[in-house]
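Structure first, commentary second.
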Amino acid sequence: MPNVILVTGGHGLVGKAIKHVIDTEPVGSRYGRKEGETWVFATSKEADLRDEAQTKALFEKYKPTHVIHLAALVGGLFMNMKYKLSFLRDNILINSNVLHTSYETHVDKVISCLSTCVFPANIDPPLVESKIHLGPPHESNFGYAHAKRLVDIANHAYKEEHGCNFTAAIPTNIFGPYDNFDLDDSHVIPGLIHKCYLAKKNGTPFTVAGTGNPLRQFVYSYDLAKMFIWQLREYDDVEPIIFSVGENEDISIRSVAEAIVKAIGFEGEVKFDTTKADGQYRKPASNEKLLSLIKAGGDPFVFTPFDSALNDTVKWFVENYDNARTGKEKLAAAGAARA
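In the working numbering, the protein residues as written are 102 to 440.
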């Protein structure tokens, strides 16, 4: 029987990356398209997954055998701090509808995408999968983190009550082509890339929010896509698994900003606005479980070097600026609403 893999959030950063890998890796290879597979990359235009009826209609349309669930209300640090209820409520609705519809339609497997913000704020490093529920998450991600934690709880409940093959991935900070580069609600790397691009274009200083001291683990979206494809085909445990570079490969925001300055060719002044919040200083996550399992099933996993991945992301952004998600689509919508 052919497999139909439905990717929710299919036109987002990770969805686009999975499509890129599936389309460019050799057919039949570990990360390439397999014979008999049909991949569907669904968008919010097809269905508002907060709505149960629309979710069911989407599943009825494509009849997926497998689901990679990426759709979510997401944003950067300041968006998460400002809209805690929206991030909590919308994501609970999305996740509940996708998981329950998957159960009702007898989907063989569901992989949901979580985040390292689900981990407790005050816990001894490194972050490992068994520590998710040992304390409250950081206040800055309170709504989003709790909604994502509930996915892990639901996965276990569906497994215990109905035998469902539901699991989850926990990526660290993702970046790459097709990211959201909006200045107001993007994550750190795409936001800084856009700021630096405009600073060069306008001859103004490049201002980075915070001290630049916090350390983060960044994972390239094309690497992450391969991990999702591996998990889809080779990992069947309900326990979530961290997708990340090594815990000692974290990079300071200051170093990221410097790398972006170099990649864009910015020669102006760089400022750090220390009146803005930094968030957590460091939250190293262990990828030991991931690497041991991938190696056991085939060749060891090789990550793309950070500078190479960043350069490719900057190059994509510059070449696709007119079509990239930069916030201009919100301005156009606001203008249409006023017309």
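Even for Gly, the Cβ is constructed at its ideal location relative to N, Cα and C.
How should residue i be labelled, buried or exposed, when 16 other C-beta atoms within 10 angstroms of its C-beta is the threshold for buried?
i           : result
residue 357 : buried
residue 203 : buried
residue 349 : exposed
residue 288 : buried
residue 118 : buried
residue 504 : Because the chain in this structure spans residues 102 to 440, residue 504 falls outside the shown range and cannot be described.
residue 324 : buried
residue 296 : buried
residue 254 : exposed
residue 303 : exposed
residue 351 : buried
residue 72  : Residue 72 lies beyond the residue range present for the chain, which begins at 102 and ends at 440; the question has no answer from this structure.
residue 150 : buried
residue 130 : exposed
residue 170 : buried
residue 372 : exposed
residue 111 : buried
residue 298 : buried
residue 396 : exposed
residue 403 : exposed
residue 393 : exposed
Reducing DSSP to helix, strand and coil, say where residue i ends up.
i           : result
residue 408 : helix
residue 376 : coil
residue 274 : strand
residue 439 : Because residue 439 sits at a pLDDT of 31, beneath the cut-off of 50, its placement in the model cannot be relied upon, and the following sentence gives the value as read from the coordinates. Residue 439 falls in the helix class under three-state DSSP.
residue 174 : coil
residue 189 : helix
residue 308 : strand
residue 349 : coil
residue 139 : strand
residue 344 : strand
residue 425 : coil
residue 419 : helix
residue 357 : helix
residue 362 : helix
residue 432 : Only weak support is given to the placement of residue 432: the predicted model assigns it a pLDDT of 40, under 50, and the question is left unresolved by the model.
Taking the CB atoms as reference points, tell me whether residue i and residue j lie closer together than 8 Å.
i           : j           : result
residue 341 : residue 262 : no
residue 115 : residue 294 : no
residue 196 : residue 216 : no
residue 332 : residue 274 : no
residue 347 : residue 388 : yes
residue 160 : residue 109 : no
residue 272 : residue 280 : no
residue 248 : residue 198 : no
residue 384 : residue 220 : yes
residue 168 : residue 107 : yes
residue 425 : residue 418 : yes
residue 378 : residue 311 : yes
residue 339 : residue 260 : yes
residue 113 : residue 189 : no
residue 283 : residue 427 : yes
residue 316 : residue 345 : no
Does at least one heavy atom of the ligand MN sit under 7 Å from the Cβ of residue i?
i           : result
residue 122 : Absent from the structure shown: the ligand MN. Ligands present: none.
Got a sec, what are the start and stop residues for the alpha helix (DSSP H) residue i sits in?
i           : result
residue 125 : 114 to 125
residue 130 : Unbroken run through residue 130: none, as it is neither H nor E.
residue 397 : 389 to 398
Start and end of the beta strand (DSSP E) containing residue i?
i           : result
residue 108 : 104 to 109
List in chain order: all unbroken beta strand (DSSP E) runs of 3+ residues lying wholly within the stretch 195 to 269. Counting only runs of 3 or more, we get 210 to 214.
With a floor of 3 residues, list each beta strand (DSSP E) that falls wholly inside the stretch 142 to 170, ordered by position along the chain. 167 to 170, all fully within the stretch 142 to 170.
Length at least 4, wholly inside the stretch 279 to 333: the alpha helix (DSSP H) runs in chain order: Runs found: 289 to 303.
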